[in-house]
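Numbering (the numbering used here), first residue to last: 571 to 895.
Set out below in structure tokens:
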């Protein structure tokens, strides 16, 4: 605690909302963060600073600074702030989250309910969890912990017993909004991948295949077969359409060629069925998203195994950057 806590900060945000008569109503929010380097960069959650008109960072020694939002990425719920401060405490170092083990003892430091510098303790309950991001996408490699995490802990570090960051506390599952023993942190390896881009460019380039797909669940397989479609695999992603000029389109992946009415839906059918990427099975959109985000990058070539008209084939796709929408 003595080594790590000076680098943990309290974050207060001011957001302006408007009432029915368009009168401004200032609202305050609170969260946590930690010093990432000696340049004054601070890592926190995107949802802590989302929409903030003003962000104030308070250090463990009591000094407060107005912070600049350097970069944000809603899809990983990460943000980077910067404060114009001298004589900063030593920043925290990142551990390799791929080397974590279930049952390992961990600690969280943050400002739950505004109680600055609070440390709680628990274990890693599970690894490789998938949680939802603020923009409705999937964040893979998340760490589940029973260390008590409450409102105000968001953005603070989850640490190993050497004081290294293994994750950024992000979410809890609780009927009461208070800790119920199920908390989630964004892994340090996700931080390692995303944060340098946020500092350099203000945003993170997400790898993109450029397809709209339908997961072949048992229900959809049965419905498609009933409609007379050939579905030669038990799991995979039916390509409904490809984005014109996108990576999949340039590689020759094909979308649906005709429309079938299935259970009240108009479904483009006859397209390719994606089975795996680089040998990794992708039976659901969730699996596809998590694999692309955690294992690939923009500009990388991937081998897409697919079924076309009953024949198995492999197509090489150069991943593009996902458009911001």
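Cβ atoms here follow ideal geometry from the backbone N, Cα and C, with glycine treated the same way.
How many whole angstroms separate the CB atoms of residue i and residue j, which I take to be in contact at a CB cut-off of 8 Å?
i, j, result
"residue 585", "residue 597", "5 Å"
"residue 790", "residue 891", "30 Å between Cβ atoms; not a contact."
"residue 525", "residue 843", "The chain is shown only over 571 to 895; residue 525 falls outside these bounds and no answer can be derived."
"residue 537", "residue 863", "No statement about residue 537 is possible, as the shown extent of the chain runs from 571 to 895 and does not include it."
"residue 696", "residue 672", "6 Å"
"residue 583", "residue 618", "7 Å"
"residue 680", "residue 578", "7 Å"
"residue 866", "residue 725", "Between residue 725 and residue 866 the Cβ distance is about 27 Å, and since that is not below 8 Å, they are no contact."
"residue 809", "residue 855", "Not a contact, Cβ separation roughly 12 Å."
Within its chain, find whatever has a CB closer than 7 Å to the CB of residue i; leave out the 5 residues flanking it on each side and keep chain order.
i, result
"residue 764", "643, 646, 648, 774"
"residue 821", "885, 886, 887"
"residue 850", "861"
"residue 610", "652, 653, 654, 655, 658"
"residue 772", "640, 641"
"residue 818", "779, 780, 781, 812, 887"
Give me, in chain order, the residues of the same chain whose beta-carbon lies closer than 6 Å to that of residue i; leave out the 5 immediate sequence neighbours on both sides.
i, result
"residue 637", "625, 627, 651, 653"
"residue 853", "805"
"residue 830", "797, 837, 839"
"residue 767", "774"
"residue 635", "627, 653, 655"
"residue 686", "580"
"residue 826", "810, 838, 839, 840, 841"
"residue 708", "700, 856, 859, 860"
Closest by CA to residue i, which one among the options?
i, options, result
"residue 607", "620, 635, 659, 675", "659"
"residue 840", "850, 622, 849, 828", "828"
"residue 752", "825, 785, 715", "715"
"residue 700", "754, 671, 814", "754"
"residue 860", "760, 792, 768", "760"
"residue 668", "879, 813, 758", "758"
"residue 666", "680, 713, 685, 639", "713"
"residue 602", "655, 693, 741", "741"
"residue 878", "823, 621, 855", "823"
"residue 793", "595, 819, 834, 825", "834"
"residue 670", "661, 685, 662, 693", "693"
"residue 756", "632, 604, 737", "737"
"residue 769", "599, 612, 589", "612"
"residue 664", "788, 604, 882, 857", "604"
"residue 832", "880, 795, 691", "795"
"residue 600", "620, 785, 880, 690", "620"
"residue 807", "785, 826, 814, 868", "785"
"residue 691", "739, 662, 708", "739"
"residue 629", "616, 623, 661", "661"
Quick check on DSSP: helix, strand or coil for residue i?
i, result
"residue 636", "strand"
"residue 785", "strand"
"residue 685", "coil"
"residue 743", "coil"
"residue 724", "coil"
"residue 835", "strand"
"residue 617", "helix"
"residue 848", "coil"
"residue 672", "coil"
"residue 642", "strand"
"residue 769", "helix"
"residue 764", "helix"
"residue 804", "coil"
"residue 588", "strand"
"residue 594", "strand"
"residue 864", "helix"
"residue 623", "coil"
"residue 575", "helix"
"residue 629", "coil"
"residue 565", "An answer regarding residue 565 cannot be provided, because it is not within the stretch 571 to 895 covered by the chain."
"residue 854", "coil"
"residue 777", "strand"
"residue 859", "helix"
Just to confirm, does residue i get its C-beta within under 7 Å of one of the non-hydrogen atoms of the ligand ADP?
i, result
"residue 650", "The ligand ADP is absent from the structure shown, which contains no ligands of any kind."
Between residue i and the rest of its own chain, which residues show a CB-CB distance below 8 Å, the 5 nearest in sequence each way excluded?
i, result
"residue 816", "778, 779, 780, 781, 890"
"residue 870", "777, 888, 889"
"residue 868", "775, 776, 777, 778, 889, 890, 891"
"residue 762", "664"
Checklist entry - Do the segment 573-583 and the segment 715-732 meet, that is, are 3 or more Cβ pairs less than 8 Å apart? => result yes
Item to check | Stretch pair the segment 717-727 + the segment 698-709: three plus CB contacts closer than 8 Å | outcome: no
Item to check | Meets three-Cβ-pair contact criterion under 8 Å: the segment 795-802 and the segment 664-681 | outcome: no
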